[in-house]
Amino acid sequence: MREWAREKIPALSKSRFLAGLQCHKRLYFECFQRELAGPPDPAQQGVFDVGAQVGQLARSIYPGGVLIEYDYFHHNDAVASTSALLVDPAIPAIYEAGFQYDNVRTRVDVLTRASNRAFDLVEVKSTTKVSPYHLPDAGIQLYVLKGCKVETRQVYIAHLNKDYIYPGGDYDLSQLFRVEDITGDVLKYQSEITPALEAMRLTLGSLAPPEIKAGGQCSKPYPCLFYGHCHANEREHHVSQLPRVSEKLLKSLEDAGIDDIRDIPEGFDGLNALQQRVRDCVVNDQVHLNAHLRQKLQQLEYPIHFLDFETFNPALPLYVGTRPYQVVPFQWSVHTLGSDGNLRHDEYLHDGFGDPREPLAKNLVRTLGTVGSIVSYSAFEEKRIRELADALPGLASDLLALLHERIVDLLPLVRANCYHPEFHGSFSLKSVLPALVPDLGYADLDISDGAQASMAYAEIANPATASDRRGSLIGALLPYCKRDTEAMVRLFQTLTK
């Protein structure tokens, strides 16, 4: 039974309001038990950093404005400064304008003057389109502005234009950004805000967090900082580990009182063939290995080249001819296995400040030659090679030749023919490797996943990064990419034996 005795409910912010829409337990923890949050996710922090960078650049679309520089802990000062600027018709725009109404605090990315008394609200997003998740974001801001008697004419989302091709030099902001009018949708959403706030405050008035089961809301629309806490006591083979499990199937399992794959009865309705295989392997604690996989791998042509790319996708394009968030390869690793068992390693990491694609592609073509199968884990490498061919016409024929009857994707072969209970429903290399090759992992590396690699290269590509820092990052990237292809070699050897 919950207790309803909290005398003072903390103020809500835009971020807390969005957290409450995702999950009331998340909202409760963010307000009262922040110590339960997991360690900062570098990838998520990277998203925040990109958002700040894009937001700062977007202010130039509305020149002559004044920035409210007070931080989150000085909100009252931000409100006071904003109030003074609102009544000054000489101020065309206010950046990070501060408001508070109904115990809800918000900072508006850009408040641009439409007339002496009316303003337009502009929410800046680093995405390439307007998302349904942006509606409550802008909606709660309009709610506060209306409560503060600020006449708001229009509401806009300013986001990056995915079709903008960078010509070099300064960005053309009129082309880099698209500004979309969402006023109608935001006005319709206003009726949902008051009941949502009432429900959130009811939760925050309790002395105990709400009892909410872990589920899809733990990662959608945003990864929850309290994921680890809420999943700490989860069953080892939780039903959510079933590959591509639908909400409908999860509901059927919940209705049947089943939260562990080992408790799913044989013939349970709704399981597809792969999910049934996973269930059988987990229940019987056995490995499934189809002989077809070994036969397929034995057909590969030597020398066998195991290929892995590392890439990054800057929100603001850095190289001529690229678009926002275009994937740019900057590194590759190739382990080449000869028919005699000899293994050679080659690698390339672009450590300059220019476009890495052409030198990377030239070195790749030279290393892979014209004979031997090329093995990747997922279709990622094939897609990158095709993109390189499109971007580099002079190398297109050589790059496309790498794909003609040479490239083999190991991932679908493993998914169709192999399962180990320790995969825990995932067929990613980092899930498959510890189960099948337990003596090889990533724990000893400074960079241990692709997101960290992308963030590291973004620093390397920045001329402002100190040379010693660049050297340290390069020294961490090389062994990581090398480990990926070494992992594929060891996996191949395990599966063929």
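Per our numbering, the sequence shown starts with residue 13, numbered consecutively. Cβ atoms here follow ideal geometry from the backbone N, Cα and C, with glycine treated the same way.
Where DSSP assigns a beta bridge to residue i, which residues make up the other side?
{"i": "P341", "result": "T323"}
{"i": "D193", "result": "Y168"}
{"i": "Q112", "result": "R117"}
{"i": "A373", "result": "Answer by DSSP bridge pairing: none, since A373 is not bridged."}
{"i": "L122", "result": "It is Val, not Leu, that sits at residue 122 in the sequence shown. BP columns for V122 point to Y107, V134."}
{"i": "T348", "result": "H317, R356"}
{"i": "S25", "result": "R117"}
{"i": "L457", "result": "Bridge partners of L457: none, in fact."}
By alpha-carbon positions, which one of the options ends up nearest to residue i?
{"i": "S385", "options": "L441, P336, E259, F504", "result": "F504"}
{"i": "H436", "options": "Q153, L254, I106", "result": "L254"}
{"i": "V387", "options": "N354, R378, D367, L422", "result": "L422"}
{"i": "S440", "options": "R418, S390, I177, L412", "result": "S390"}
{"i": "P148", "options": "T195, K174, A105, L188", "result": "T195"}
{"i": "D8", "options": "D352, L372, N296", "result": "Nothing can be reported for residue 8: it is not among the residues displayed for the chain, which extend from 13 to 509."}
{"i": "Y360", "options": "A470, R306, N429, P491", "result": "P491"}
{"i": "N296", "options": "E278, K308, T164, L283", "result": "E278"}
{"i": "V290", "options": "T215, C430, P235", "result": "C430"}
{"i": "S95", "options": "P104, F111, Y107", "result": "F111"}
{"i": "W344", "options": "P336, L319, N354", "result": "L319"}
{"i": "I472", "options": "P368, A220, S93, E393", "result": "P368"}
{"i": "A70", "options": "G240, S186, K232", "result": "S186"}
{"i": "F29", "options": "L216, L98, E19, A327", "result": "L216"}
{"i": "D121", "options": "C230, G364, Y107", "result": "Y107"}
{"i": "V99", "options": "S479, I152, F131, K137", "result": "F131"}
{"i": "G366", "options": "S143, A268, N474", "result": "N474"}
{"i": "R356", "options": "A413, Y82, V346", "result": "V346"}
Let me know the secondary structure DSSP gives residue i once reduced to three states.
{"i": "M13", "result": "With a pLDDT of only 44 at M13, under the threshold of 50, the placement of this residue in the model should not be trusted; the figure read from the coordinates follows. Coil."}
{"i": "S443", "result": "helix"}
{"i": "G228", "result": "helix"}
{"i": "A488", "result": "helix"}
{"i": "D363", "result": "coil"}
{"i": "Y431", "result": "strand"}
{"i": "L237", "result": "coil"}
{"i": "V78", "result": "strand"}
{"i": "E223", "result": "coil"}
{"i": "G32", "result": "helix"}
{"i": "E163", "result": "strand"}
{"i": "T139", "result": "coil"}
{"i": "Q68", "result": "helix"}
{"i": "H86", "result": "helix"}
{"i": "I177", "result": "coil"}
{"i": "Y331", "result": "coil"}
{"i": "S436", "result": "A small fix is needed here, since residue 436 is His in this sequence, not Ser. Coil."}
{"i": "R481", "result": "helix"}
{"i": "L97", "result": "helix"}
{"i": "R18", "result": "coil"}
{"i": "R129", "result": "coil"}
{"i": "K512", "result": "Nothing can be reported for residue 512: it is not among the residues displayed for the chain, which extend from 13 to 509."}
{"i": "P336", "result": "coil"}
{"i": "D149", "result": "helix"}
{"i": "G50", "result": "coil"}
{"i": "P207", "result": "helix"}
{"i": "D58", "result": "One point to set straight first is that residue 58 is Gly, not Asp, in the sequence displayed. In this structure, G58 counts as helix in the three-state DSSP scheme."}
{"i": "V501", "result": "helix"}
{"i": "V91", "result": "helix"}
{"i": "Q45", "result": "coil"}
{"i": "V449", "result": "coil"}
{"i": "D496", "result": "helix"}
{"i": "G462", "result": "helix"}
{"i": "L183", "result": "Strictly speaking, residue 183 in this sequence is Tyr, with Leu absent from that position. Here Y183 sits in coil by DSSP."}
{"i": "G63", "result": "helix"}
{"i": "A476", "result": "coil"}
{"i": "A102", "result": "coil"}
{"i": "K509", "result": "coil"}
Should the stretch 114–121 be regarded as contacting the stretch 21–33, the criterion being three or more beta carbon pairs within less than 8 Å?
-> yes
Within the stretch 373–424, ranges of the beta strand (DSSP E) (whole runs, at least 3 residues) | 386–388, 419–421
Can you list the alpha helix (DSSP H) stretches of 4 or more residues lying completely in the stretch 239–318, in chain order?
-> 239–242, 259–267, 285–296, 303–310
Counting Cβ pairs closer than 8 Å, one from the stretch 397–412 and one from the stretch 261–269, do we hit at least three?
-> no
Pair every Cβ in the stretch 350–370 with every Cβ in the stretch 80–89, then say whether three or more of these pairs are closer than 8 Å.
-> no
Would you check if the stretch 167–180 and the stretch 200–213 touch, i.e. whether three or more CB-CB distances between them fall below 8 Å?
-> no
Would you be able to state if there are at least three C-beta pairs under 8 Å between the stretch 444–461 and the stretch 300–307?
-> no
Taking contact to mean at least 3 C-beta pairs separated by less than 8 Å, is the stretch 462–471 in contact with the stretch 51–67?
-> yes
Should the stretch 34–48 be regarded as contacting the stretch 228–247, the criterion being three or more beta carbon pairs within less than 8 Å?
-> yes
At a cut of 8 Å, does the stretch 452–459 reach the stretch 327–343 through at least three beta carbon pairs?
-> no
Indicate whether the contact test is met: 3 or more Cβ pairs, each with one atom in the stretch 150–170 and one in the stretch 43–52, closer than 8 Å.
-> no
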